[in-house]
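Enquirer: Every number in my numbering is 40 more than the matching position in the sequence shown, counting from 1.
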Amino acid sequence: MSTIAYLGLGIMGRGMAANLLKAGHGVTVWNRTAERCAPLVALGARQAATPAHAVADAEVVLYCLSDDHAVEDLVWGEGRLIDAVRPGQIVLDMTTVHPNTSRKESAAFAEKGVDFLDAPVFGSKNEAANGGLWIVVGGKREVYETVLPLLEPLSETTHYMGENGRGASMKLVGNLVVAFQLEAIGEAMVLATKAGLDPRDVLGVLHVTDFKSPIFDGVGGALVRRDFDVNFALKLMLKDANLIASFAQDLNVPLPGGAAIRENIKVGVNRGWGEENASAFIKVIEEGAGVQVKA
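Structure, rendered in structure tokens:
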């Protein structure tokens, strides 16, 4: 059993902290909105009033926040995590951030004698709740191997990607693929609908072909049901699309398809769908074609 501090209890953090508790670890939780701690306290967690109090007795510190700004605020801003950590602790940032943010964190924690891993996750609400995330990790391999027993209750698989920043890089690469899959199922379903095909028949074919995908199954079915309940918010997908664009610009990599998808995401957010599921930007494609996918 390890003593863990979990900071940030959004959709992803709540699920991960709960699974660490179920695995028998001692967990102290902190969240800016303190009321979100209550369900975890009911499961046996301790609640801390500040990040400093949360990490005081922890061997490992984990956090999964909304964006780079939130990480900066926790580590160097109001949260002052950098002042609270002590030599020998291990810190994992599970947020989707720019690799430069991860490298900045790594350097700052190293000065305090603290090991750091960037360990963002693939998956959303259900995977976080069910311990089925896919975790990509950057940092020292020996540190990664040390924390593997903590990652196992959270994940279906874990993947060591190399030095600090490589986990964050892999996360943006993967999210680019996700964006293309959402665009693909959206365009395909709109085209099929306008051609007079039954969307249910289309999904039946997509489910069994060699280009099948769990995203096509899940998003396609939800699209037919007009279900845009949030698992991963469209506003956060726009944040990730902007990160991908910045990352590619840093490396001088052209992403013409990704740029087009980002414009559709922007339109969807500007339509007021930012709090809906990321798949809501498919409604932009529907508007352009003058159709709506129906059961």
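Glycine included, every Cβ here is placed at the ideal spot set by N, Cα and C.
All values reported here derive from a predicted model rather than from experimental measurement.
Could you round the C-beta distance between valine 183 and isoleucine 122 to whole angstroms and report it? I think they count as a contact, below 8 Å.
Expert: Taking the sequence shown and counting its residues from 1, the one referred to as residue 183 is at position 143. Taking the sequence shown and counting its residues from 1, the one referred to as residue 122 is at position 82. That belief does not hold up - the Cβ atoms of valine 183 and isoleucine 122 are roughly 18 Å apart, past 8 Å.
Enquirer: Counting only the same chain and skipping the five closest in sequence on each side, list residues whose C-beta sits under 8 Å from that of serine 42.
Expert: Position 2 of the sequence shown, counted from the first residue, corresponds to residue 42. Answer for serine 42: His65, Gly66, Glu99, Val100, Pro189, Leu190, listed in chain order.
Enquirer: Take leucine 173 and list the residues in its own chain whose beta-carbon comes closer than 6 Å to its own, dropping the five residues that flank it on each side.
Expert: For the purposes of this step, residue 173 is identified with residue 133 of the sequence shown, where counting begins at 1. These residues qualify, in order along the chain: Val161, Gly163, Glu167, Leu194, Ser195.
Enquirer: Under three-state DSSP, which class holds threonine 197?
Expert: Locating residue 197 in the sequence shown gives position 157, where the first residue counts as 1. Reduced to three states, the DSSP call for threonine 197 is strand.
Enquirer: For valine 245 versus valine 331, is the C-beta distance shorter than 8 Å?
Expert: Here residue 245 refers to the residue found at position 205 of the sequence shown. Here residue 331 refers to the residue found at position 291 of the sequence shown. The answer is no: Cβ separation not under 8 Å.
Enquirer: Look up leucine 83 in the DSSP assignment and say whether it is helix, strand or coil.
Expert: If you number the sequence shown from 1, residue 83 lands on position 43. If DSSP states are grouped into helix, strand and coil, leucine 83 belongs with coil.
Enquirer: To the nearest angstrom, how far is the alpha carbon of methionine 201 from that of valine 217?
Expert: Translated into positions along the sequence shown, residue 201 becomes position 161. Translated into positions along the sequence shown, residue 217 becomes position 177. Distance between the alpha carbons of methionine 201 and valine 217: 17 Å.
Enquirer: Leaving out the 5 sequence neighbours to the left and right, which residues in its chain are closer than 8 Å to serine 146 when beta-carbon positions are compared?
Expert: Your numbering for residue 146 matches position 106 in the sequence shown. Once the five neighbours on either side are set aside, the close Cβ partners of serine 146 are Phe156, Asp158, Gly179, Asn204, Gly205.
Enquirer: Among Ala94, Asn304, Cys77, which residue has its Cα nearest to the Cα of leucine 21?
Expert: Past the boundaries of the shown model lies residue 21; the chain is included only from 41 to 335, so the question cannot be answered.
Enquirer: For glycine 314, which residues of its own chain have a beta-carbon under 6 Å away from its beta-carbon, when the five flanking residues on both sides are left out?
Expert: The residue labelled residue 314 in the question sits at position 274 within the sequence shown. Counting only Cβ-Cβ distances below 6 Å, and skipping sequence neighbours, we find Leu274, Lys275.
Enquirer: Grouping DSSP H, G and I as helix and E and B as strand, with all else coil, what is tryptophan 116?
Expert: As a position in the sequence shown, residue 116 is number 76, starting the count at 1. Correct three-state label for tryptophan 116: coil.
Enquirer: Decide yes or no for the touch test of the region 209-228 against the region 293-309: beta carbon pairs closer than 8 Å, at least 3 of them.
Expert: As far as the Cβ criterion goes, the region 209-228 touches the region 293-309, which means the pair count is three or higher.
Enquirer: Reducing DSSP to helix, strand and coil, say where leucine 102 ends up.
Expert: Sequence index remark: in the sequence shown, residue 102 carries index 62 (1-based). Leucine 102: strand per DSSP, three-state reduction.
Enquirer: Just to confirm the assignment: which complete beta strand (DSSP E) runs, minimum length 3, are found wholly within the region 154-202?
Expert: If we require 3 residues or more, the beta strand (DSSP E) runs fully inside the region 154-202 come out as 155-158, 173-178, 195-202.
Enquirer: Give the straight-line distance between the Cα atoms of alanine 88 and isoleucine 175, rounded to the nearest whole angstrom.
Expert: Along the sequence shown, read from residue 1 onward, the residue named residue 88 stands at position 48. Along the sequence shown, read from residue 1 onward, the residue named residue 175 stands at position 135. In a straight line, the C-alpha of alanine 88 is about 26 Å away from that of isoleucine 175.
Enquirer: Measure from the alpha carbon of alanine 85 to the alpha carbon of each residue in Asn170, Trp116, Leu49, His247, then state which is nearest.
Expert: For the purposes of this step, residue 85 is taken as the residue at position 45 of the sequence shown. Of the listed residues, the one whose Cα sits closest to alanine 85 is Leu49.
Enquirer: Mind checking which residues open and close the alpha helix (DSSP H) that includes alanine 148?
Expert: Taking the first residue of the sequence shown as position 1, residue 148 is located at position 108. Residues 139-151.
Enquirer: Isoleucine 305 and glycine 226 - do their beta-carbons sit closer together than 8 Å?
Expert: Numbered from 1 along the sequence shown, position 186 holds the residue referred to as residue 226. Numbered from 1 along the sequence shown, position 265 holds the residue referred to as residue 305. For glycine 226 and isoleucine 305, no; Cβs fall outside 8 Å.
Enquirer: Which residue comes first and which comes last in the beta strand (DSSP E) that contains threonine 43?
Expert: In the sequence shown, counting from the first residue as 1, residue 43 sits at position 3. It spans 43-47 - the beta strand (DSSP E) in which threonine 43 sits, taken as one unbroken run.
Enquirer: Put asparagine 304 into one of helix, strand or coil per three-state DSSP.
Expert: The sequence position of residue 304 within the sequence shown is 264, counting from 1. Asparagine 304 falls in the helix class under three-state DSSP.
Enquirer: Out of Gly261, Ala124, His109, point me to the one whose CA is closest to histidine 138's CA.
Expert: Residue mapping note: residue 138 aligns to position 98 of the sequence shown, counting from 1. Of the candidates Gly261, Ala124, His109, His109 places its Cα closest to the Cα of histidine 138.
Enquirer: Residues in its own chain within less than 8 Å of alanine 77 by CB, not counting five upstream and five downstream?
Expert: Indexing the sequence shown from 1 puts residue 77 at position 37. Sequence check: residue 77 is cysteine here, not alanine. Within the same chain, Leu49, Val69, Trp70, Asn71, Ala85, Gln87 come within 8 Å of cysteine 77 by CB-CB distance, once the 5 residues on both sides are set aside.
Enquirer: Does the beta carbon of isoleucine 301 fall short of 7 Å from some heavy atom of the ligand ADP?
Expert: Absent from the structure shown: the ligand ADP. Ligands present: none.
Enquirer: Would you mind sorting aspartate 269 into buried or exposed? The rule is 16 or more other CB atoms within 10 Å of its CB.
Expert: Position 229 of the sequence shown, counted from the first residue, corresponds to residue 269. Exposed, by the Cβ-count rule.
Enquirer: Identify every run of the beta strand (DSSP E) within the region 237-268, keeping only runs that are complete inside it and at least 3 residues long; order them along the chain.
Expert: If we require 3 residues or more, the region 237-268 turns out to have no beta strand (DSSP E) run fully inside it.
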